[in-house]
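Student: A single structure is presented below for examination.
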Amino acid sequence: MSEKTLFDKLWNSHTVADLGDGVALLYIDRIFLHERTGSISLIGLEDEGRAVANPEKVFCTMDHIIDTVPGRSDTTTMEGGREFIEMTRQATAQAGIRLFDIGDQRQGIVHVTSPEQGIVLPGLTLVCPDSHTCTQGAFGALAWGIGSTEAEQALATNVLRVEKPKNMRVTFDGELSAGVTAKDMILHLISAYSTSGAVGYAVEFAGTAVSILSMESRMTLCNMAVEFGAFTGMIAVDEKTVDYVEGRPFTPQGALWDQAVKDWEDLKSDSGAKFDKEIVVDASKINPTVSWGTSPGQSIAIGETIPSPESFTERNQNIATKNAQKYMAVTPGTRLNDLKIDAAFIGSCTNSRLTDLRRVAKILQGRKVAKGIRAICVPGSTKVKQDAEAEGLDQIFKDAGFEWRESGCSMCFFAGGESFGFEERVISSTNRNFEGRQGPKTRTHIASPETVAASAIAGHICAAADLEEV
Amino acid sequence: MEGFQTINSKAIPLLLINVDTDAIIPSREMKRVSKRGLSEGLFAGWRYKSNDSRELEPDFILNDPEYNGAKILLGGDNFGCGSSREHAVWALHEYGIRVIIAPSFGAIFYKNCIRNGILPILLSDQNIEPLSGKELKINLENQLINDDISFEIAPADKEMLLDGLDDIELNLKHVDDIRSFENNDRVKRPWAYL
Ligand code: SF4
Chain C
1 MSEKTLFDKL WNSHTVADLG DGVALLYIDR IFLHERTGSI SLIGLEDEGR
51 AVANPEKVFC TMDHIIDTVP GRSDTTTMEG GREFIEMTRQ ATAQAGIRLF
101 DIGDQRQGIV HVTSPEQGIV LPGLTLVCPD SHTCTQGAFG ALAWGIGSTE
151 AEQALATNVL RVEKPKNMRV TFDGELSAGV TAKDMILHLI SAYSTSGAVG
201 YAVEFAGTAV SILSMESRMT LCNMAVEFGA FTGMIAVDEK TVDYVEGRPF
251 TPQGALWDQA VKDWEDLKSD SGAKFDKEIV VDASKINPTV SWGTSPGQSI
301 AIGETIPSPE SFTERNQNIA TKNAQKYMAV TPGTRLNDLK IDAAFIGSCT
351 NSRLTDLRRV AKILQGRKVA KGIRAICVPG STKVKQDAEA EGLDQIFKDA
401 GFEWRESGCS MCFFAGGESF GFEERVISST NRNFEGRQGP KTRTHIASPE
451 TVAASAIAGH ICAAADLEEV
Chain Z
1 MEGFQTINSK AIPLLLINVD TDAIIPSREM KRVSKRGLSE GLFAGWRYKS
51 NDSRELEPDF ILNDPEYNGA KILLGGDNFG CGSSREHAVW ALHEYGIRVI
101 IAPSFGAIFY KNCIRNGILP ILLSDQNIEP LSGKELKINL ENQLINDDIS
151 FEIAPADKEM LLDGLDDIEL NLKHVDDIRS FENNDRVKRP WAYL
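Structure (structure tokens):
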């Protein structure tokens with residue numbers, strides 16, 4: 001069979017050796033590290049007296065532990081955080097690895113800054129000790145999250161032993177309704193096919209509704225492939241991909257660029273390529289979607305009512321629903337619109353890029369966050385922040401009542417530092433609504449940035465389309 | 001890593017079921033950017049009277065002077081279950097543990113042991129009890145405890161432990177493949193190299 005999927009092409013072109021039993025030694029083109037799980041790999045290597053094989057292909061950023069308050073320093077609200085920052089600085093300097101440190105314009109959340117700097121490119125393999133590395137598959141790259149020990153392996157040897165996942169294609173056909181975003185697409189998919197729907201698969205997103213998305217929205221879609229259980233997500237290369245990549249600091253130039261663009265033409269699944277599993281979703285049926293529970297799969301369209309545990313016949317599902325509803329303090333039959341919120345968060349590697357902020361600013365313009373609600377915006381990278389400020393977006397956010405922060409992961413997750421309050425209800429543009437994810441007993445509803453902004457204004461969960469005119 | 005040698009040591013009986021990795025090393029003890037310095041936090045919740053004082057809890061078996069320097073730990077069913085944190089194994093290894101004998105292990109914990117120079121041995125409850133506090137000799141080569149009790153281990157795991165190999169060393173066995181891949185690839189995809 002000569003027709004190949006995009007994933008097979010990426011896999012084959014990086015296979016150094018076939019080790020049998022479906023395991024291959026894969027060549028790794030780029031390695032990204034951050035101060036939380038990356039520093040330990042570097043220090044581990046050093047302890048073993050090993051060197052980083054090719055420091056020029058390794059990049060490191062500060063995102064997970066650093067504070068995002070204006071005027072930040074190495075001091076963190078997380079106890080012991082400073083050590084992570086200082087050790088990362090030392091270890092990267094010693095290994096000769098580029099570090100995007102505090103104060104560097106390139107600093108940002110790894111999955112925002114890597115594409116922005118042209119570090120991920122179509123046709124590359126990229127790994128990072130971070131589960132949302134799949135975000136970068138939006139560029140027709142093979143990008144996936146690994147553990148700290150695996151990162152050591154990649155750093156020292158340029159290869160990883162990987163068991164080959166199966167091929168899945170998810171096709172979003174038809175046209176999205178106005179106000180429906182990539183975030184709603186992925187939440188819709190995961191709620192329909194469960195958080196384990198893609199376990200054991202590499203997932204290619206395709207279809208008219210995907211091609212029409214901007215690169216930034218494609219990243220949102222791929223970001224949550226891991227929440228679907230996938231090894232990774234990816235999207236074929238097209239003109240938009242090439243346009244996005246061109247002229248970035250680390251993209252090839254001149255003759256190398258010309259050759260690259262030519263090579264990338266083949267980075268799509270051949271027509272007639274066989275997938276082990278295919279899912280087709282009618283994009284026109286998707287509505288703004290928000291999670292009600294403690295797993296991204298527990299999501300519904302805003303107008304729908306929260307399901308009863310009894311509606312799930314499978315015992316584990318039934319119990320999971322009960323537990324989630326208890327934690328979230330929601331009851332079956334409630335409409336999401338009726339849920340009052342305490343806080344709103346715009347940020348994370350899912351939805352904190354410039355186009356996200358622009359769309360939010362449009363909604364916030366001339367409006368105010370409802371009384372008593374804490375609203376925070378954390379741009380995905382220092383560059384996003386600066387670009388947004390150059391357009392005056394920061395002023396719109398601030399006028400509406402949002403805190404405007406420095407870039408980082410911030411309250412996407414609770415590392416022992418800053419968090420939302422005990423039992424507070426937060427609407428968040430992030431990707432995980434696990435118990436305690438945003439702080440002890442914090443109740444997280446994940447949604448598109450538009451829905452987060454609209455809810456902040458309304459004071460309860462609300463779709464942007466349902467806001468009163470200004 | 002050093003290859004696994006024959007171990008002679010007293011066996012510390014910690015015969016509880018479901019000892020999870022949170023108990024082996026609590027989250028609050030993992031605030032360092034290192035695989036080192038974790039042994040102090042090993043079993044911290046059980047080993048110390050209070051979190052802050054670090055005053056030893058005399059009733060906890062590891063604090064019994066009789067087991068000073070012991071390298072063998074006896075456990076109950078499902079030893080090392082729960083969170084995948086490799087820190088649990090790093091802490092045990094640094095403390096000096098080289099062998100853990102239990103009726104069953106958490107799957108990830110088991111792999112992490114092999115990867116970090118600790119031999120996990122599967123033995124039934126009835127066979128473990130009588131070993132409590134005894135001086136044991138563990139020979140991996142012959143897969144024998146005290147020359148008379150035999151145990152099973154997957155050949156690849158045994159090899160990895162005996163040779164002290166890690167994933168990096170296994171990869172480096174393919175160093176020629178990696179070189180030739182790179183040489184070809186630099187010609188084919190020059191734009192991919194920085
Ligand atoms: S923003 Fe959140 S999900 Fe993304 S890398 Fe940071 S902590 Fe992980």
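For the record, the sequence lines run as chains C and Z.
Quick note on numbering: the first sequence equals residues 1 to 470 in this note's numbering.
Quick note on numbering: the second sequence equals residues 1 to 194 in this note's numbering.
Glycine included, C-beta positions come from ideal geometry on N, C-alpha and C.
Quick caveat, the model's predicted, so the values are computed rather than measured.
#1: Given this structure, state the Cα-to-Cα distance separating Glu-304 of chain C from Ala-225 of chain C, to the nearest angstrom.
#2: Pick from C:Thr-451, C:Ile-457, C:Ser-455: whose alpha carbon is nearest that of Ala-178 of chain C?
#3: Name, going along the chain, the residues of the stretch 86-103 of chain C whose beta-carbon falls closer than 7 angstroms to a beta-carbon of chain Z.
#4: Consider the C-beta atom of Asp-282 of chain C and the heavy atoms of the ligand SF4; say whether any pair is separated by less than 7 angstroms.
#5: Thinking just about the alpha-carbon of each residue, which of C:Ser-407, C:Ala-361, C:Ala-415 is nearest to the one in Asp-399 of chain C?
#6: Which chain C residues sit within Cβ distance under 7 angstroms of Ser-39 of chain Z?
#7: Mind checking if Asn-184 of chain Z is an interface residue toward chain C, Cβ cutoff 8 angstroms exclusive?
#8: Go through the stretch 145-209 of chain C residue by residue and report every complete run of the beta strand (DSSP E) that reaches 3 residues or more, in order.
#9: Are Val-110 of chain C and Phe-32 of chain C closer than 8 angstroms when you measure CB to CB?
#10: Quick one: Cα of Ser-269 of chain C to Cα of Ile-300 of chain C, how far?
#11: Using 8 angstroms as the Cβ pair cut-off and three pairs as the minimum, do the stretch 80-96 of chain Z and the stretch 31-48 of chain Z touch?
#12: Is the Cβ of Val-110 of chain C closer than 8 angstroms to any Cβ of chain A?
#13: Please classify Lys-57 of chain C as buried or exposed, where buried requires at least 16 neighbouring CB atoms within 10 angstroms.
#14: Just to confirm, are Pro-309 of chain C and Asn-433 of chain C a CB contact at a threshold of 8 angstroms?
#15: Quick one: grab the DSSP three-state call for Leu-172 of chain Z.
#16: Does the CB of Arg-161 of chain C have a neighbour CB from chain Z at under 8 angstroms?
#17: How would you label Asp-176 of chain Z, buried or exposed, when you count the other beta carbons within 10 angstroms and need 16 or more for buried?
#18: The ligand SF4 heavy atoms versus the CB of Thr-430 of chain C: any closer than 7 angstroms?
#19: Assign Thr-208 of chain C to buried or exposed, taking buried as 16 or more other Cβ atoms, counted over all protein chains shown, within 10 Å of its Cβ.
#20: Could you have a look at Val-16 of chain C and say whether DSSP puts it in helix, strand or coil?
#21: Can you find a heavy atom of the ligand SF4 that lies under 7 angstroms from the Cβ of Ser-381 of chain C?
#22: What residues in the stretch 263-279 of chain C bring their beta carbon closer than 7 angstroms to a beta carbon of chain Z?
#23: With a cut-off of 8 angstroms on the beta carbons, I'd call Leu-25 of chain C and Asn-171 of chain Z a contact; round off their distance for me.
#24: Could you tell me if Arg-54 of chain Z is buried or exposed, where buried requires 16 or more neighbouring beta carbons within 10 angstroms of its beta carbon?
#25: With H, G and I counted as helix, E and B as strand and the rest as coil, what does DSSP make of Gly-49 of chain C?
#26: Does the separation of the CB atoms of Leu-160 of chain C and Glu-150 of chain C fall below 8 angstroms?
#27: Counting only the same chain and skipping the five closest in sequence on each side, list residues whose C-beta sits under 8 angstroms from that of Met-168 of chain C.
#28: Measure the CB-CB distance between Lys-10 of chain Z and Gly-133 of chain Z and report whether it falls below 8 angstroms.
#29: Please report the distance separating the alpha-carbon of Thr-232 of chain C from that of Cys-134 of chain C.
#30: Comparing C-alpha positions only, which one of C:Ser-455, C:Trp-264, C:Thr-61, C:Glu-314 sits nearest to Lys-368 of chain C?
#31: Bridge partners of Val-475 of chain C, per DSSP?
#32: Can you round the beta-carbon distance between Met-411 of chain C and Phe-420 of chain C to whole angstroms, since I take them to be within the 8 angstroms contact cut?
#33: Given that His-174 of chain Z touches chain C, what residues does it touch there, using C-beta distances under 9 angstroms?
#34: Could you spell out the range, first to last residue, of the alpha helix (DSSP H) harbouring Ile-363 of chain C?
#35: Span of the beta strand (DSSP E) holding Ala-474 of chain C?
#36: Can you grab the Cα-Cα spacing for the pair Ile-145 of chain Z / Ala-102 of chain Z, in whole Å?
Tutor: Reading it off the structure:
#1: Approximately 24 angstroms between the Cα atoms of the pair.
#2: Looking at the Cα atoms, C:Thr-451 is the closest of the given residues.
#3: Hits within the stretch, in order: Met-87.
#4: In terms of side-chain proximity, the C-beta atom of Asp-282 of chain C is found no nearer than 7 angstroms to any non-hydrogen atom of the ligand SF4.
#5: Nearest of C:Ser-407, C:Ala-361, C:Ala-415 to Asp-399 of chain C, Cα basis: C:Ala-361.
#6: By Cβ distance, chain C contributes nothing, its closest Cβ being about 15 angstroms from Ser-39 of chain Z, past 7 angstroms.
#7: It does not: the Cβ of Asn-184 of chain Z has no partner Cβ on chain C nearer than 8 angstroms.
#8: Inside the stretch 145-209 of chain C, DSSP marks whole beta strand (DSSP E) runs of 3 or more residues at positions 159-163, 166-173, 201-206, from first to last along the chain.
#9: Yes; because the gap between Cβ atoms is below 8 angstroms, this pair is in contact.
#10: In a straight line, the C-alpha of Ser-269 of chain C is about 32 angstroms away from that of Ile-300 of chain C.
#11: Using a C-beta cut-off of 8 angstroms, the stretch 80-96 of chain Z makes contact with the stretch 31-48 of chain Z, since at least three inter-stretch Cβ pairs fall below that distance.
#12: Any reference to chain A falls outside this structure, whose protein chains are C and Z.
#13: Classification of Lys-57 of chain C: buried, given that the 10 Å Cβ count is 16 or more.
#14: In this structure, Asn-433 of chain C does not lie closer than 8 angstroms to Pro-309 of chain C by Cβ.
#15: In the three-state reduction of the DSSP assignment, Leu-172 of chain Z falls in the helix class, which pools H, G and I.
#16: Arg-161 of chain C counts as touching chain Z.
#17: Exposed is the call here.
#18: At least one heavy atom of the ligand SF4 is found less than 7 angstroms from the C-beta of Thr-430 of chain C.
#19: Label assigned to Thr-208 of chain C: exposed.
#20: The three-state secondary structure of Val-16 of chain C, taken from DSSP, is strand.
#21: Ser-381 of chain C: no, Cβ never under 7 angstroms from the ligand SF4.
#22: Sequence-ordered contacts of the stretch 263-279 of chain C with chain Z read Asp-263 [C-beta pairs closer than 7 angstroms].
#23: Contact between Leu-25 of chain C and Asn-171 of chain Z holds, with the beta-carbon distance rounding to 7 angstroms and staying under 8 angstroms.
#24: For Arg-54 of chain Z, the number of other beta carbons within 10 angstroms of its own is below 16, and it is reported as exposed.
#25: Correct three-state label for Gly-49 of chain C: coil.
#26: One thing to note: Leu-160 of chain C has its Cβ within 8 angstroms of the Cβ of Glu-150 of chain C.
#27: In chain order, Ala-198, Tyr-201, Ala-202, Val-203, Glu-204, Ala-230, Phe-275, Asp-276, Lys-277, Glu-278, Ile-279 place their CB closer than 8 angstroms to the CB of Met-168 of chain C, counting only its own chain and leaving out the 5 sequence neighbours on each side.
#28: Cβ distance < 8 angstroms, so Lys-10 of chain Z and Gly-133 of chain Z count as in contact.
#29: Looking at the backbone, the Cα of Thr-232 of chain C and that of Cys-134 of chain C are separated by about 5 angstroms.
#30: For Lys-368 of chain C, the nearest C-alpha among the options comes from C:Ser-455.
#31: Residue 475 of chain C falls outside the range modelled here, since chain C spans only 1 to 470, and no answer is possible.
#32: 6 angstroms between Cβ atoms; contact.
#33: By Cβ distance, chain C contributes Val-16, Ala-17, Leu-19, Leu-25, Thr-157, Val-159.
#34: Looking at the DSSP string, the run of the alpha helix (DSSP H) that includes Ile-363 of chain C is 354-364.
#35: Summary: the structure shown does not reach residue 474 of chain C, with chain C confined to residues 1 through 470, and so no result is reported for it.
#36: Each residue's alpha carbon lies about 13 angstroms from the other.
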